[in-house]
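J.: Residue numbers (my numbering), protein chains in the order written: chain L, 9 to 257; chain C, 9 to 257.
Protein chains: 2
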Amino acid sequence: MSPRMLSPQEFEKREAELISISRELFERECPSTFTIDKLVDASPYSKGTVYKHFEGKEDVMMAVCNACFRDLRELFEKALTFKGRSREKLLSVLVSYIIWAKLRPYQLFIVLSAHSPNVTANTSEKYQQQHHECEEQMMTLMCGEIAKAVEQGDLVLSENMTLEQVTFALWSATWGSMALIISKGTSSQLQAMELERETFTNGRLIFDGLNWKPLSSEMNYKETLNRIVKELFSEEVAELEKMGTPFSY
Amino acid sequence: MSPRMLSPQEFEKREAELISISRELFERECPSTFTIDKLVDASPYSKGTVYKHFEGKEDVMMAVCNACFRDLRELFEKALTFKGRSREKLLSVLVSYIIWAKLRPYQLFIVLSAHSPNVTANTSEKYQQQHHECEEQMMTLMCGEIAKAVEQGDLVLSENMTLEQVTFALWSATWGSMALIISKGTSSQLQAMELERETFTNGRLIFDGLNWKPLSSEMNYKETLNRIVKELFSEEVAELEKMGTPFSY
DNA sequence: CACTATAATGACGAAACGTCACATGACGGA
DNA sequence: TCCGTCATGTGACGTTTCGTCATTATAGTG
Numbered sequence: 009m010s011p012r013m014l015s016p017q018e019f020e021k022r023e024a025e026l027i028s029i030s031r032e033l034f035e036r037e038c039p040s041t042f043t044i045d046k047l048v049d050a051s052p053y054s055k056g057t058v059y060k061h062f063e064g065k066e067d068v069m070m071a072v073c074n075a076c077f078r079d080l081r082e083l084f085e086k087a088l089t090f091k092g093r094s095r096e097k098l099l100s101v102l103v104s105y106i107i108w109a110k111l112r113p114y115q116l117f118i119v120l121s122a123h124s125p126n127v128t129a130n131t132s133e134k135y136q137q138q139h140h141e142c143e144e145q146m147m148t149l150m151c152g153e154i155a156k157a158v159e160q161g162d163l164v165l166s167e168n169m170t171l172e173q174v175t176f177a178l179w180s181a182t183w184g185s186m187a188l189i190i191s192k193g194t195s196s197q198l199q200a201m202e203l204e205r206e207t208f209t210n211g212r213l214i215f216d217g218l219n220w221k222p223l224s225s226e227m228n229y230k231e232t233l234n235r236i237v238k239e240l241f242s243e244e245v246a247e248l249e250k251m252g253t254p255f256s257y
Numbered sequence: 009m010s011p012r013m014l015s016p017q018e019f020e021k022r023e024a025e026l027i028s029i030s031r032e033l034f035e036r037e038c039p040s041t042f043t044i045d046k047l048v049d050a051s052p053y054s055k056g057t058v059y060k061h062f063e064g065k066e067d068v069m070m071a072v073c074n075a076c077f078r079d080l081r082e083l084f085e086k087a088l089t090f091k092g093r094s095r096e097k098l099l100s101v102l103v104s105y106i107i108w109a110k111l112r113p114y115q116l117f118i119v120l121s122a123h124s125p126n127v128t129a130n131t132s133e134k135y136q137q138q139h140h141e142c143e144e145q146m147m148t149l150m151c152g153e154i155a156k157a158v159e160q161g162d163l164v165l166s167e168n169m170t171l172e173q174v175t176f177a178l179w180s181a182t183w184g185s186m187a188l189i190i191s192k193g194t195s196s197q198l199q200a201m202e203l204e205r206e207t208f209t210n211g212r213l214i215f216d217g218l219n220w221k222p223l224s225s226e227m228n229y230k231e232t233l234n235r236i237v238k239e240l241f242s243e244e245v246a247e248l249e250k251m252g253t254p255f256s257y
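1) Going by other Cβ atoms of all chains shown within 10 Å of its Cβ, with 16 needed for buried, is Glu24(L) buried or exposed?
2) When we look at the beta-carbon of Arg36(C) and count the other beta-carbons within 10 Å, is it buried (16 or more) or exposed?
3) According to a CB-to-CB cut-off of less than 8 Å, which residues of the segment 209–234 of chain C neighbour chain L?
4) Straight-line CA distance for Asp216(L) to Ser224(L)?
5) Within 10 angstroms of the Cβ of Cys142(C), are there 16 or more other Cβ atoms? Answer buried if so, exposed if not.
6) So which residues on chain C does Gln173(L) lean against when the C-beta distance must stay under 9 Å?
7) Which chain C residues are close to Val39(L), counting only those with a beta carbon under 9 Å from its beta carbon?
8) Where does the unbroken alpha helix (DSSP H) through Gln115(L) begin, and where does it stop?
9) Which residues of the segment 107–119 of chain C have a Cβ closer than 8 Å to any Cβ of chain L? Give them in chain order.
10) Could you check whether the Cβ of Ser121(C) sits closer than 7 Å to any Cβ belonging to chain L?
11) Considering only their Cβ atoms, is the gap separating Glu206(L) from Ser185(L) smaller than 7 Å?
12) Cα-Cα, which of Leu171(L), Phe62(L) and Arg93(L) is closest to Ser132(L)?
13) Using a Cβ cut-off of 7 Å (strictly closer), state whether Ile44(C) contacts chain L.
14) With a floor of 4 residues, list each alpha helix (DSSP H) that falls wholly inside the segment 30–83 of chain C, ordered by position along the chain.
15) Closest to Cys38(L) by C-alpha separation, out of Arg112(L), Ile107(L), Tyr105(L) and Thr89(L), would be which residue?
16) What are the start and end residues of the alpha helix (DSSP H) that includes Glu144(L)?
17) Short of 7 Å Cβ to Cβ, which residues in the segment 183–194 of chain L face chain C?
18) Have a look at Leu188(L), Ala187(L) and Ile154(L) and flag the residue whose alpha-carbon is nearest the alpha-carbon of Thr175(L).
19) Answer with yes or no whether the minimum CB distance from Ala181(L) to chain C is below 7 Å.
20) Expressed to the nearest angstrom, what Euclidean distance is found between the alpha-carbon atoms of Met147(L) and Gln173(L)?
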């Protein structure tokens, strides 16, 4: 009655394999040259099989983006183990995000590209859905931390302001600075905005704008940055140093 | 000696025509379906001629993006004619930006897409250069206004903080909220972030974070919004109403 | 050892790309 | 008026990528 059914497990495993291969391809050469045909060549499967998993290259990009999101969430969880005031913990998340971006520029590239309307317009329901789940998990994680800040009295939410909105504000401000700075590429003309500096500035302004205590005027967050790097990300920072793109703060 | 030399004026004129046709194409159907072949068909020129102007479709996108930037600059200049405190004038710019985005969603789409690494990586030197000029003009315009705010004492820049950084902070925070909200498309899942609300929130937080007087706690900016809409953009807001996507603030 | 339902394959036609050999036509000179 | 020249315009063509689907391979069943 049932000849050779492919179990969902096997299917998932193969999908993970394809995503892993795609990530390698993205790393090796510019993500914009990625094609389904290249993925097929690089994989042990045929075109038809690959198309069983992805409707097109946008789908692959979104799938890779989702994988990155999962990595990021783990990273953020590590960042949140920092012992300190609520605002310091969120700063730690920001630090981890920037370090990740510098360590894996191509993955940032993918994550940003995947949010381009051009890509989202051509992504299948499945991966769109999956992406929303990723975002929601991220939201939940952050909202939880912000809720703690409110509990501890460091942050007082004005009426009409939800936890989600606070998260979104931080997220989008960070996102914007990264997207704009990355898109300038290497040909940064006159206005030399710096990834670390602008991202931290945006974060600081949002924190202060929220009146999240202690304000940047009341505390030396440079100290905090030192501790975050030393206690949590010394390995990554050393690697960045070795790569010639040091984490400067 | 010189048979039929094409004057730079004619060349520019034809380019403007091609860009105009491209904009129409982008409006008519989803920008992601745009192809050079379609542009060739829609234009009175041949493929070879079109390729004289653009190296590929990314080039066309960037050219259209730049045209949008020029429109935006005009719009911002109009917004800055608002009579009021410095922070109110910048808020007016924000309002005009949001109205533009709602009025011409496909153009926002293009502008956002054009900043995707996928596009910038495949744009010719010429249009990359042109884009930097557009950005610089925008920067100059904004920095000028912020300088006035500093002169008037509404804004005190902390040490190590340049006018450009202030502009960048506002710009990127706005950018981020628009990019993230647009990329969700119509399938906004659970977390229903609203374009106007989040963009204004981000702006407000940045303004307050900069300690730009009067703070949102010291003044009712709702009033200002009413005046901005009434005095400068009543026509546009009426049109949005007619389109079924009212400007809600 | 067939038989059968399912999965895997890759050849194929369509679409888009980008180029280049050739056509066109404006101008100056005869 | 006609001709030769050369910048400009043209679109057919070879190439790449896409996405499909008729065909082949295979695991399990009786």
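Don't be surprised by glycine CBs; every beta carbon is placed ideally from N, CA and C. Bear in mind the structure is a predicted one, so any value in this text is a computation, not a measurement.
T.: Based on what the coordinates show:
1) Within the first sequence, the letter at position 16 stands for residue 24(L). At residue 24(L) the sequence reads Ala, which differs from the Glu that was named. Residue environment: Ala24(L) is assigned as exposed (fewer than 16 neighbouring CB atoms within 10 Å of its CB, all protein chains considered).
2) Here the question's residue 36(C) lines up with position 28 in the second sequence. With fewer than 16 Cβ atoms within 10 Å of its Cβ, Arg36(C) is classed as exposed.
3) Thr209, Asn210, Arg212, Leu213, Ile214, Phe215, Asp216, Gly217, Leu218 and Asn219
4) Your numbering for residue 216(L) matches position 208 in the first sequence. Your numbering for residue 224(L) matches position 216 in the first sequence. If I take the Cα positions, the gap works out to 7 Å.
5) For the purposes of this step, residue 142(C) is identified with residue 134 of the second sequence, where counting begins at 1. Classified as buried, Cys142(C) has 16 or more neighbouring CB atoms from the shown chains inside 10 Å of its CB.
6) For the purposes of this step, residue 173(L) is taken as residue 165 along the first sequence, with counting starting at 1. Simply Met201, Arg205, Glu206 and Thr209.
7) The residue labelled residue 39(L) in the question sits at position 31 within the first sequence. Here residue 39(L) turns out to be Pro, not Val, going by the sequence shown. Chain C residues near Pro39(L): Pro125, Asn126 and Ala129.
8) The sequence position of residue 115(L) within the first sequence is 107, counting from 1. Pro113 to Ala122 is the extent of the alpha helix (DSSP H) around Gln115(L).
9) Phe117
10) Sequence index remark: in the second sequence, residue 121(C) carries index 113 (1-based). Among the CB atoms of chain L, one or more fall inside 7 Å of the CB of Ser121(C).
11) One-based indexing of the first sequence puts residue 185(L) at position 177. One-based indexing of the first sequence puts residue 206(L) at position 198. Yes, the Cβ-Cβ distance between Ser185(L) and Glu206(L) is below 7 Å.
12) Mapped onto the first sequence, residue 132(L) falls at position 124. It is Phe62(L) whose Cα lies nearest to the Cα of Ser132(L).
13) Start at 1 with the first residue of the second sequence, and residue 44(C) comes out as number 36. At a cut-off of 7 Å between C-beta atoms, Ile44(C) does not count as an interface residue with respect to chain L.
14) 44–50 and 55–61
15) Your numbering for residue 38(L) matches position 30 in the first sequence. Among Arg112(L), Ile107(L), Tyr105(L) and Thr89(L), the Cα nearest to that of Cys38(L) is on Arg112(L).
16) What you label residue 144(L) is simply residue 136 of the first sequence in a count that begins at 1. From DSSP, the alpha helix (DSSP H) with Glu144(L) extends over Glu133 to Glu159.
17) From the segment 183–194 of chain L, only Trp183, Gly184, Ser185, Ala187, Leu188, Ile190, Ser191 and Gly193 have a Cβ closer than 7 Å to chain C.
18) The residue labelled residue 175(L) in the question sits at position 167 within the first sequence. Checked all of Leu188(L), Ala187(L) and Ile154(L); the closest Cα to Thr175(L) is Ile154(L).
19) Indexing the first sequence from 1 puts residue 181(L) at position 173. Yes, Ala181(L) counts as interfacial toward chain C.
20) Along the first sequence, one-based indexing puts residue 147(L) at 139. Along the first sequence, one-based indexing puts residue 173(L) at 165. Taking the straight line joining both Cα atoms gives about 10 Å.
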